[in-house]
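Asker:
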Amino acid sequence: MNLAVVISVSEYQYASALPGCKLDAQHMQHMLQLTGRFDDILVLDQSPSTPDLRTHLNDWVKRNKGQLVDEVFWYFTGHGIYYGDARFCGRDYSPQLLEATSLSNQEVDDLLRLLQPRVVVKVIDACQSGAPYIKGHPPAFRRALEHSRLESFISMCSCTREQSSYAHLFGSDFTLTWLEAVLQRRSGVVSYR
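Read the sequence shown against this note's numbering and you will find it ends at 305, with the numbers running on by one and no gaps.
Shown next as structure tokens:
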């Protein structure tokens, strides 16, 4: 079984709107559907609040937990911020209530691990989204490989934790380029390399 999540937050109560993110999600959902490889695609594209994101994601995990999951594809487009970890902002995002109004990268990873997939692919189009997974010197890398609970994990982010991502009315630069690269492939398997 292959699962996907597409999240778009384009309208915010306390931050600037990102209208292109709504189109990003529509394009990404359409591309995933066209592949025919995903059995369940959870789409949260109505600028959900962080509590709504948590509720929908937890319900989705409960619904699919215990299934034999080959791949999970997770996509987020919207505001992001780095504060000890990459954080993905819900419609209700407020810097004063960071934990309550954004999802941490670690929180998302922990949820996805509950499904015990063979492969996780995360595509993140948000400012400051490039969180380092392995922190430290070369021995830290070896320890991370030895203790990994996933067979394969791929994370693609629009920028590093110090950079901004760029969006326009018609979409975000990263997502549009990502989709263009996929569409250039005329036949055969698309590889996440």
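Beta carbons: idealized from backbone N, C-alpha and C, even for Gly.
Fair warning: this is a prediction, and the values are worked out from it, not measured in the lab.
Could you check whether the segment 180-190 touches the segment 129-146, counting it as contact only if at least three pairs of C-beta atoms, one from each stretch, sit closer than 8 Å?
Answerer: Yes: at least three Cβ pairs fall under 8 Å.
Asker: For my contact list, S216 and D197 are in at a C-beta cut-off of 8 Å; report their separation, rounded to the angstrom.
Answerer: Working through the sequence shown from its first residue, we reach residue 216 at position 104. Working through the sequence shown from its first residue, we reach residue 197 at position 85. Rounded, the Cβ-Cβ distance is 5 Å, consistent with contact.
Asker: Could you give the DSSP three-state label for A293: helix, strand or coil?
Answerer: Position 181 of the sequence shown holds residue 293. In the structure shown, A293 sits in a helix (DSSP, three-state: H, G or I).
Asker: Check whether the Cβ atoms of T287 and D157 lie closer than 8 Å to each other.
Answerer: By one-based count along the sequence shown, residue 287 stands at place 175. By one-based count along the sequence shown, residue 157 stands at place 45. Going by C-beta atoms, T287 is not nearer than 8 Å to D157.
Asker: Could you give the DSSP three-state label for P215: helix, strand or coil?
Answerer: Locating residue 215 in the sequence shown gives position 103, counting from the first residue. The sequence as given places Leu at residue 215; Pro does not occur at that position. Three-state result, L215: strand.
Asker: If distances are taken between C-alpha atoms only, which option among H139, N176, M140 and C133 comes closest to P160?
Answerer: The residue labelled residue 160 in the question sits at position 48 within the sequence shown. Here the closest residue by C-alpha is C133.
Asker: For H139, which residues does DSSP report across the bridge?
Answerer: Working through the sequence shown from its first residue, we reach residue 139 at position 27. According to DSSP, which records beta bridges pairwise, H139 is partnered with nothing at all.
Asker: Compare the beta carbon distance of F150 and L115 with 8 Å and say whether it is the shorter of the two.
Answerer: Residue numbering aside, residue 150 sits at position 38 when the sequence shown is read from its first letter. Residue numbering aside, residue 115 sits at position 3 when the sequence shown is read from its first letter. Yes; because the gap between Cβ atoms is below 8 Å, this pair is in contact.
Asker: In terms of residues, what are the limits of the alpha helix (DSSP H) holding V173?
Answerer: In the sequence shown, the residue the question calls residue 173 occupies position 61. Run containing V173: T162 to N176, per the alpha helix (DSSP H) assignment.
Asker: Quick check on the burial criterion: 16 or more other C-beta atoms within 10 angstroms. Buried or exposed for T213?
Answerer: To locate residue 213, count along the sequence shown from 1; it is residue 101. Counting Cβ neighbours within 10 Å, T213 comes out buried, since at least 16 surround it.
Asker: Provide the residue span of the beta strand (DSSP E) that contains G192, from first to last.
Answerer: Here the question's residue 192 lines up with position 80 in the sequence shown. Here the beta strand (DSSP E) through G192 covers G192 to Y194.
Asker: Can we say the segment 115-129 touches the segment 164-176, given the rule of at least three CB pairs closer than 8 Å?
Answerer: Result yes; three or more Cβ-Cβ pairs closer than 8 Å.
Asker: Rounded to whole angstroms, what's the CA-CA distance from Y194 to M113? Just pull it up for me.
Answerer: Looking up residue 194 in the sequence shown gives position 82. Looking up residue 113 in the sequence shown gives position 1. Those two C-alpha atoms are separated by around 32 Å.
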